[in-house]
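Q: Note that full-length UniProt numbering numbers the sequence shown so that position 80 is 80, with each residue one more than the last. One structure, pasted below without further comment.
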Amino acid sequence: MTFKWNTDGMDRGVSSQELPDLVCLSHLRWNFVFQRPQHLLSRFARERRVFFFEEPLYGSQEPQLHVTHSPEGVWVAVPHLPEGLDEQRLMAMQQLLLDELLTRHAVKHYVSWYYTPMAMGFSRHLEPLTVVYDCMDELSAFRGAPPALLHREAELLMRADVVFTGGQSLYEAKRDRHPNVHAFPSSVDVPHFATARGNVQEPADQASIPHPRLGFFGVVDERMDLELLEAVADARPDWQLVIIGPVVKIDPASLPRRPNLHFLGGKHYKELPTYLAGWDVALLPFARNESTRFISPTKTPEYLAAGKPVVSTSIRDVVRPYGELGLVRIADTPEDFVRACEAALAEEHAAWLPRVDTHLATMSWDNTWSRMKALLDGATQQRHEEATLRVEALREQTT
Numbered sequence: 001m002t003f004k005w006n007t008d009g010m011d012r013g014v015s016s017q018e019l020p021d022l023v024c025l026s027h028l029r030w031n032f033v034f035q036r037p038q039h040l041l042s043r044f045a046r047e048r049r050v051f052f053f054e055e056p057l058y059g060s061q062e063p064q065l066h067v068t069h070s071p072e073g074v075w076v077a078v079p080h081l082p083e084g085l086d087e088q089r090l091m092a093m094q095q096l097l098l099d100e101l102l103t104r105h106a107v108k109h110y111v112s113w114y115y116t117p118m119a120m121g122f123s124r125h126l127e128p129l130t131v132v133y134d135c136m137d138e139l140s141a142f143r144g145a146p147p148a149l150l151h152r153e154a155e156l157l158m159r160a161d162v163v164f165t166g167g168q169s170l171y172e173a174k175r176d177r178h179p180n181v182h183a184f185p186s187s188v189d190v191p192h193f194a195t196a197r198g199n200v201q202e203p204a205d206q207a208s209i210p211h212p213r214l215g216f217f218g219v220v221d222e223r224m225d226l227e228l229l230e231a232v233a234d235a236r237p238d239w240q241l242v243i244i245g246p247v248v249k250i251d252p253a254s255l256p257r258r259p260n261l262h263f264l265g266g267k268h269y270k271e272l273p274t275y276l277a278g279w280d281v282a283l284l285p286f287a288r289n290e291s292t293r294f295i296s297p298t299k300t301p302e303y304l305a306a307g308k309p310v311v312s313t314s315i316r317d318v319v320r321p322y323g324e325l326g327l328v329r330i331a332d333t334p335e336d337f338v339r340a341c342e343a344a345l346a347e348e349h350a351a352w353l354p355r356v357d358t359h360l361a362t363m364s365w366d367n368t369w370s371r372m373k374a375l376l377d378g379a380t381q382q383r384h385e386e387a388t389l390r391v392e393a394l395r396e397q398t399t
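Okay, here's the thing in C-alpha cells:
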C-alpha cells in the first residue's frame with residue numbers, strides 16, 4: 001500500500017507536550033459546520049496536540065491521507081480511499097492510515113475521543129490512556145445509519161472510561177448503559193452571537209429581502225419539517241423565511257419553493273451573527289420523528305444570545321428548559337406555529353431579554369470544556385491507579 005501525504009503545516013505546531021495528545025475519530029467534517037466538536041477540540045488544541053481523523057472520501061486510485069493544520073490548531077486527517085471496498089478492506093485501509101498518522105507525528109501517549117462508534121472497526125487495536133465517547137446525537141436514528149452502528153456503540157461503551165451526551169434526553173437514554181455518563185447540553189459563545197444585537201453590515205444576499213424575516217440556520221436534512229415550513233410560507237405570504245445551511249441527505253428538489261422562501265446555502269460560523277441581526281424571529285422548525293427524538297439544538301442558545309425571539313416545535317431538549325422558562329415559544333401544528341410567530345413578532349424585548357441573559361450567563365463553551373476536561377483527567381487518573389494496582393498485584397504473585 002502506498003501512502004501519499006499532503007504536508008501543509010507539517011512543521012507547524014508539533015512539539016513535545018506534558019499533556020497527552022488527543023486523537024478524535026469523527027463522522028463529521030472539521031470544515032463542514034462549526035459546532036460542538038469544533039468548539040471543544042479547538043480549546044483542547046490550546047494546551048495539547050489534537051488530531052481529528054475524519055471518515056473517508058472516495059474516488060482515489062490508491063489510499064492517501066491528507067493532513068492539514070487548521071487555523072484553530074487542530075491536525076485534520078482525511079482518508080482518501082478507492083471506491084467499492086468491502087467492509088474488511090475498508091477497515092484495514094483506515095487502520096493503516098490511522099497508524100501511519102500516529103507514527104508520523106510520534107503520537108505515543110494519547111486520549112481516544114470518539115464521535116462515531118463506527119470507528120471502533122479500525123481503532124480497537126489502539127492503546128490510549130483514556131477512551132472518551134462524546135455522544136452528541138443518536139446516530140442510529142439518522143437516515144442511512146449503518147446496520148452495524150448499534151453493535152459498535154455497545155463495544156465502544158464497553159471500552160469507554162467516560163461518556164458525555166449532547167443533551168438531557170440523550171443522557172437519560174444512555175445513563176443505564178455506562179457507569180460514568182454525564183450530560184453536557186449544547187452551549188454557546190455568547191459574545192460572538194451577541195454582536196447581532198448591535199449595528200452590523202447587512203450581508204449582500206439578504207439585504208434585498210423584505211421584512212418581517214423569520215430565519216433558520218443549520219443543516220437542512222431529514223430533521224427539518226419541510227411541510228411545516230411550506231405551510232407557514234403559504235399562510236403568511238408577507239413573511240420572508242430565510243433558510244441558511246447546507247442541504248444534506250435529502251434531495252434538494254424536495255425543498256418547497258415559494259416566493260417568500262429563501263434558501264441561501266451554507267455560511268461560515270463567523271458570518272452567522274450578521275444574518276441573525278437582520279431577522280425578526282428565529283425558527284426551529286424540526287420534524288418530530290426518531291431522528292429528532294434526542295437532539296439538543298446548539299442554535300437555541302445562539303439565537304437567544306443574538307437577542308432574537310424563538311419559535312420551535314416541541315423538541316424535548318428545547319421544551320426543557322427553554323420552553324418551560326418562557327424563553328422560547330413552542331408550537332407544532334402550522335396554525336399554532338403561525339400564531340406563535342405572530343406573538344414573537346409583537347413581543348416587547350425589553351421585558352424578555354433580561355431573563356434570556358440571566359439564563360445564558362450560566363452557559364459557555366469554556367465552562368463546558370473545563371468541566372469535561374476535569375472528568376477526562378479524573379478518568380485518566382483512575383485508569384492509571386487501577387493499572388498500578390494490577391502491576392503491584394502481579395508483582396506480589398510472582399515473589
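Cβ coordinates follow ideal geometry from the N, Cα and C atoms, glycine included. All values derive from a computational prediction rather than experimental measurement.
Tell whether a beta-carbon distance below 7 Å holds between residue 467 and LEU170.
A: Because the chain here runs from 1 to 399, residue 467 falls outside it and cannot be looked at.
Q: Please state the DSSP three-state secondary structure of SER140.
A: Helix.
Q: Roughly how far, in whole angstroms, is the beta-carbon of ARG48 from the beta-carbon of PRO20, given that I think they are within contact range, below 8 Å?
A: 7 Å
Q: Have a look at LEU101 and PRO179 and give me their C-alpha separation to the nearest angstrom.
A: 32 Å
Q: Using a 10 Å radius around the Cβ and a threshold of 16 neighbouring Cβ atoms, would you call ALA305 buried or exposed?
A: buried
Q: CA-CA distance, ASP357 and THR300?
A: As the crow flies, the alpha-carbon of ASP357 is around 13 Å from that of THR300.
Q: Is VAL391 helix, strand or coil when you go by DSSP?
A: Note: VAL391 maps to helix in three-state DSSP.
Q: Note down, in chain order, each residue of its chain lying with its Cβ closer than 6 Å to the Cβ of PHE44, except the 5 sequence neighbours on either side.
A: LEU22 and VAL50
Q: Check the DSSP bridge columns for GLY323 and list the partner residues they point to.
A: DSSP lists no partner for GLY323.
Q: Could you tell me the boundaries of the alpha helix (DSSP H) in which VAL338 lies?
A: 334–346
Q: At a threshold of 6 Å, does GLU72 count as lining the ligand MN (C-beta to nearest heavy atom)?
A: Questions concerning the ligand MN fall outside what the structure shown contains, since it holds no ligand whatsoever.
Q: Please list, in chain order, all residues of the same chain as LEU376 whose beta carbon is under 8 Å from its beta carbon, the five residues on each side excluded.
A: VAL111, THR130, VAL132 and VAL162
Q: Could you check how far apart the C-beta atoms of GLU347 and PHE193 are, in whole angstroms? I think they sit under 8 Å.
A: Actually they do not touch by this definition, with Cβ atoms about 19 Å apart.
Q: For GLY245, collect the residues of the same chain with a Cβ closer than 7 Å to its Cβ; drop the 5 residues on either side in sequence, then sort them by chain order.
A: PHE217, GLY218, VAL219, VAL220 and GLY266
Q: How about VAL310 and VAL232: do their beta carbons lie closer than 7 Å?
A: Note that the C-beta distance between VAL310 and VAL232 is not below 7 Å.
Q: Out of ASN260, ASP332 and HIS359, which one is the CA nearest neighbour of GLY326?
A: HIS359
Q: Just reading off the beta strand (DSSP E) that THR165 is part of, what are its end residues?
A: DSSP places THR165 in the uninterrupted beta strand (DSSP E) bounded by 162–165.
Q: With DSSP run on the structure shown, which of helix, strand or coil describes TRP239?
A: coil
Q: In this structure, does DSSP put HIS151 in helix, strand or coil?
A: helix
Q: How would you call GLY84, buried or exposed, if buried means at least 16 neighbouring beta carbons within 10 angstroms?
A: exposed
Q: Going by beta carbon distance, what residues of the same chain come within less than 6 Å of GLY167, once the five residues before and after it are set aside?
A: PRO185, SER296 and ASP317
Q: Can you name, in chain order, every residue of its own chain whose Cβ lies under 6 Å from the Cβ of SER16, other than the five neighbours on each side?
A: Because SER16 carries a pLDDT of 40, less than 50, the predicted location of this residue cannot be relied on, and no value is offered for it.
Q: Taking the continuous alpha helix (DSSP H) assigned at TYR171, which residues delimit it?
A: That run of the alpha helix (DSSP H) goes 168–174.
Q: Can you tell which of HIS109, ARG329 and MET91 has its C-alpha closest to the C-alpha of THR380?
A: HIS109
Q: Under a CB-based cut-off of 7 Å, is GLU386 close to chain D?
A: Looking at the structure shown, chain D is missing, and only one protein chain is on hand.
Q: Thinking C-beta only, is LEU214 closer than 7 Å to LEU255?
A: no
Q: Using DSSP with H/G/I as helix, E/B as strand and the rest coil, what is SER254?
A: In the structure shown, SER254 adopts helical secondary structure according to DSSP, grouped into three states.
Q: Leaving out five residues on either side along the sequence, give the residues of the same chain with a beta carbon under 6 Å from the beta carbon of ALA196.
A: In its chain, beyond the 5 residues on either side, PRO273, LEU276, ALA277 and ALA306 have a beta carbon closer than 6 Å to the beta carbon of ALA196.
Q: Determine the contact status of GLU72 and SER42, defining contact as a CB-CB distance below 7 Å.
A: yes
Q: Considering only residues of the same chain and omitting the five flanking positions on each side of LEU353, which have a CB-CB separation below 7 Å?
A: GLY307
Q: For SER364 and THR398, what's the separation of their Cα atoms in angstroms?
A: 52 Å
Q: Among ARG36, TRP30 and PRO237, which one has its Cα closest to the Cα of HIS55?
A: Before going further, note that residue 55 is Glu rather than His in the sequence given. It is TRP30 whose Cα lies nearest to the Cα of GLU55.
Q: Can the beta-carbon of LYS249 be found closer than 7 Å to that of GLU222?
A: yes
Q: Measure the beta-carbon distance from PRO117 to LEU156 and round it to whole angstroms, keeping in mind my assumption that it falls under 8 Å.
A: Sure, about 4 Å apart at Cβ, within 8 Å.
Q: Cα separation between GLN61 and PHE32?
A: 24 Å
Q: Nearest to GLU127 by alpha carbon, out of LEU394, HIS384, ARG395 and GLU396?
A: It is HIS384.
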